[in-house]
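Enquirer: I'd like to ask you about the structure that follows.
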Amino acid sequence: MAQYKAAYPADLKIHPEVDAFFIRFYGISDTPGLTNEDQMVSLHSAVETAHSEDPTTNGAPEREEITTLREGMWSTVASRKHTIHKIFPFGNDATEVMIYGSVELGLRSGSTVYSEWAARAQLTKDEADGEWKMSFYQVYMDTGPMIAQKK
2 MAQYKAAYPA
12 DLKIHPEVDA
22 FFIRFYGISD
32 TPGLTNEDQM
42 VSLHSAVETA
52 HSEDPTTNGA
62 PEREEITTLR
72 EGMWSTVASR
82 KHTIHKIFPF
92 GNDATEVMIY
102 GSVELGLRSG
112 STVYSEWAAR
122 AQLTKDEADG
132 EWKMSFYQVY
142 MDTGPMIAQK
152 K
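Going letter by letter, the sequence shown gives residues 2 to 152 in our numbering.
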């Protein structure tokens, strides 16, 4: 899971549980399957304001929406490998961050696509179970390389 271990600005302190959250989040994101769908759903807050690899999706996602989104993400993809290069917290011990990474997608057609991406994320600690949850997440990614492979 070394590819999920990000660099942080040297002058900012990040809560270790927040760092661990992102390592787990992207590890689950790169693994298909129903068990992982349930794990992914458990990482999202019930009051989440946005979640999307699709920026047109707004509002708190329901379990079915996250599962449907994840199923769609795997419909043309056989393998996914995120690399998290850097995470930029909004301040010391901040729970709002910008993330810079890349992803290698092995398509079911046999092609491989590589793309850089960025994301904005907000985490909150769940009062019920004490676990960190994603309360906001939006990815910004150039989908051109993947679209070109579909032609």
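We put the CB at the ideal spot given by N, CA and C, even for glycine.
Here the structure is a predicted model, which is why all the values come from computation and not from measurement.
Can we say the region 111 to 118 touches the region 36 to 45, given the rule of at least three CB pairs closer than 8 Å?
Expert: no
Enquirer: Reducing DSSP to helix, strand and coil, say where GLY131 ends up.
Expert: coil
Enquirer: Where LEU106 and SER80 are concerned, what is the direct C-alpha to C-alpha distance, given to the nearest angstrom?
Expert: Per the coordinates, the alpha-carbon of LEU106 lies some 6 Å from the alpha-carbon of SER80.
Enquirer: For ASP130, tell me which candidate among ILE67, ARG71, LEU44 has the shortest Cα-Cα distance.
Expert: When each option's Cα is compared against that of ASP130, the closest is LEU44.
Enquirer: I need the straight-line Cα distance from THR57 to ALA11, nearest angstrom please.
Expert: Low local confidence applies: a pLDDT of 48 at THR57 is under 50, so the model's placement there is unreliable, and no value is given.
Enquirer: The alpha helix (DSSP H) with GLY92 in it runs from where to where?
Expert: Counting along the chain, no alpha helix (DSSP H) covers GLY92, and no H or E run does either.
Enquirer: Any idea what DSSP makes of LEU13, helix, strand or coil?
Expert: coil
Enquirer: Taking the beta carbon of SER136 as the centre, do at least 16 other beta carbons fall within 10 Å, making it buried, or is it exposed?
Expert: By the C-beta density criterion, SER136 is buried, having at least 16 other C-beta atoms within 10 angstroms.
Enquirer: When we look at the beta-carbon of SER46 and count the other beta-carbons within 10 Å, is it buried (16 or more) or exposed?
Expert: buried
Enquirer: Going along the chain, which residues of its own chain have a beta-carbon closer than 6 Å to the beta-carbon of GLU54, five neighbours each way excluded?
Expert: Residue placement at GLU54 cannot be trusted, given a pLDDT of 49 that sits under 50; what the coordinates show is reported in the next sentence. For GLU54, where only same-chain residues beyond five positions count, the Cβ hits under 6 Å are VAL140.
Enquirer: Find out if the Cβ-Cβ distance for the pair ARG64, VAL42 is shorter than 8 Å.
Expert: yes
Enquirer: Throw me the rounded Cβ distance for the ALA119 and TYR101 pair, which I believe falls under 8 Å.
Expert: ALA119 to TYR101, Cβ: 5 Å. Contact.
Enquirer: From the DSSP secondary-structure annotation, give me the bridge partner or partners of GLY107.
Expert: GLY107 pairs with SER80, THR113.
Enquirer: Using a Cβ-Cβ cutoff of less than 7 Å, which residues in the same chain neighbour LYS14 once the five nearest sequence positions on both sides are dropped?
Expert: ASN93, ASP94
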